[in-house]
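Residue numbers are given in our numbering: position 276 of the sequence shown equals residue 276, and the series is strictly consecutive.
Cβ atoms here follow ideal geometry from the backbone N, Cα and C, with glycine treated the same way.
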Amino acid sequence: MTSTIRNIVTVIILMFCMGCNSKKEVKTADKTVMKKELTAKDILGNPAYVAISYGGYREKSREAQPTIAQLKEDLKLMHAMGIRIIRTYNVQSKLPHAKNVLEAIHQLKKEDANFEMYVMLGAWIDCLNAWTDKAPNHEVESAQNEGEVERAVALANKYPDIVKVIAVGNEAMIRWAESYYVQPNVILKWVNHLQNLKKEGKLSKDLWITSSDDFASWGGGDPSYRVKDLEALIRAVDYVSMHTYAYHNTHYNSEFWGVPAHEQGLSDQEKIDFAMIRSLNFAKTQYKNVSNYIKSIDSTKTIHIGETGWASISDGQYGVPGSRASDEYKQGLYYKHLREWTKEAGISCFYFEAFDEQWKDAGNPEGSENHFGLFTLTGEAKYPLWDLVDKGTFKNLKRGGKTITKTFNGDKEALMKTVLVPNTEYPR
């Protein structure tokens, strides 16, 4: 064989091998292909797909809707910190936030083939007379629910590569939601409706349907919630999305929060550190209680955490006058503990929440509901994210034109001056 022929043969063999390798990469390693094929089943419980709750509102009223450009800013920040699935809460016609989030993700995916983000889309459910001057009727659902579910279906069909879960209702069955809660049969009705649409081919068969509610609503607390309609709902959903808030329970159910006698001789920081471990164990216990009940009804159901979080500021019952739970150091410990536990356990945790939102308690700037974010309104990274700033994770990314910096200018000593030992000795 002449050298010329040998060279030609060698080139052909190399081209063939390269073709085989690229084909293999398309099947196993090409992220673009993988993104198209991923379903909720692949994403939920997968530690590579970190979850978070997201509201992009920056002003004191939701009438000021964030722009697509602002939503893109936020999405890039979340993507940089490893978030791959976000949770939204409603698709109400007057509040196009979720619709705009989906469009922002769609645009980012077109602009960057490596951008990957999925959505757990919430459909808001409430009762007759909710949010009006009339007494809420918790036995009858609001007429708006039908349109809300229809809009969620339309968005899921418009963005099937992004919407992987529809959540029917948010804390819609828990009785302390006095302004709007409904009975389980209402949630069951709409879950069954969506499941039927899947069977009829009017929704993707891979779309998962759930409801996201307090641990007690899922049978993990007061036995009075354990009714036949709840049992049917457990069987009807594709998985259970439960909420757990040790933070709020530092006031309402504070047995775990007080410093026990055997810790009284510890330093203040040690007392705080151990209190946050007990807070983690509180969340674990509520998860276990829900799991035990759910499994007794349907052993095949998985349980993920639809919400949990820790506020960094409170001038009320979680602040200095109350349980003294609110500061960035405790928030950082809770975030770290929750992420470590849920990652190890294969639980998706839609941590609440990515950014502070000031509309929730617009009349009280230091109200705790305004301060659950890991970022401040102006884009400062709170203590849970300081290490990411140090690593350059947010380099070249901004919020509202401002570079991402650390709260307290990164001065931990200054931060720790705001951190107080847990308190349970105050008027309730």
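Would residue i and residue j be called neighbours here (beta carbons separated by less than 8 Å)?
| i | j | result |
| --- | --- | --- |
| residue 179 | residue 131 | yes |
| residue 242 | residue 166 | no |
| residue 234 | residue 45 | no |
| residue 399 | residue 77 | yes |
| residue 412 | residue 380 | no |
| residue 434 | residue 236 | It is not possible to answer for residue 434, since the shown part of the chain is limited to 1 through 428. |
| residue 49 | residue 86 | no |
| residue 80 | residue 397 | yes |
| residue 154 | residue 121 | no |
| residue 433 | residue 183 | Since the displayed the chain opens at 1 and closes at 428, residue 433 lies outside it and no answer follows. |
| residue 294 | residue 368 | no |
| residue 216 | residue 244 | no |
| residue 315 | residue 353 | no |
| residue 56 | residue 372 | no |
| residue 198 | residue 188 | no |
| residue 256 | residue 279 | yes |
Going by Cα to Cα distance, which pick from the options is closest to residue i?
| i | options | result |
| --- | --- | --- |
| residue 177 | 126, 269, 143 | 126 |
| residue 389 | 369, 410, 49 | 410 |
| residue 345 | 315, 317, 324, 288 | 288 |
| residue 253 | 140, 62, 323 | 323 |
| residue 143 | 383, 205, 190, 221 | 190 |
| residue 145 | 100, 162, 91, 200 | 91 |
| residue 428 | 251, 341, 303, 314 | 251 |
| residue 246 | 333, 188, 320, 261 | 333 |
| residue 423 | 367, 100, 58, 259 | 259 |
| residue 417 | 341, 296, 328, 371 | 328 |
| residue 211 | 149, 391, 223 | 149 |
| residue 39 | 358, 159, 97 | 159 |
| residue 357 | 340, 376, 343 | 376 |
| residue 104 | 67, 114, 94, 134 | 67 |
| residue 43 | 349, 420, 421 | 349 |
| residue 430 | 161, 362, 133 | Only positions 1 to 428 of the chain appear in the structure, and residue 430 is not among them; the question remains open. |
| residue 231 | 303, 64, 298 | 298 |
| residue 226 | 185, 262, 200, 204 | 185 |
| residue 267 | 421, 157, 100, 111 | 421 |
Just to check my reading of the structure: residue i and residue j have Cβ atoms closer than 8 Å, yes? What is that Cβ distance to the nearest angstrom?
| i | j | result |
| --- | --- | --- |
| residue 119 | residue 60 | Contact flag wrong, Cβ pair sits at about 26 Å. |
| residue 89 | residue 196 | So it is not a contact: roughly 24 Å between Cβ atoms. |
| residue 330 | residue 276 | 6 Å |
| residue 301 | residue 239 | 6 Å |
| residue 338 | residue 308 | 6 Å |
| residue 325 | residue 318 | 5 Å |
| residue 168 | residue 218 | Not confirmed; about 14 Å, so no contact. |
| residue 286 | residue 220 | 6 Å |
Just mark residue i as buried or exposed, buried being the case when its beta carbon has 16 or more other beta carbons within 10 Å.
| i | result |
| --- | --- |
| residue 53 | buried |
| residue 269 | exposed |
| residue 209 | buried |
| residue 175 | exposed |
| residue 384 | buried |
| residue 342 | buried |
| residue 114 | exposed |
| residue 214 | buried |
| residue 426 | exposed |
Item to check | Every unbroken beta strand (DSSP E) within the region 189-270, with a cutoff of 3 residues, ordered by chain | outcome: 208-214, 240-243
Item to check | 4 or more residues per run - each alpha helix (DSSP H) lying fully within the region 140-165 | outcome: Runs of the alpha helix (DSSP H) lying entirely within the region 140-165 and spanning at least 4 residues, in chain order: 144-158.
Item to check | Inside the region 44-120 only - alpha helix (DSSP H) runs reaching at least 4 residues | outcome: 68-80, 97-111
Checklist entry - Mind pulling the alpha helix (DSSP H) runs of 4 or more residues that sit fully within the region 365-404? => result 386-390
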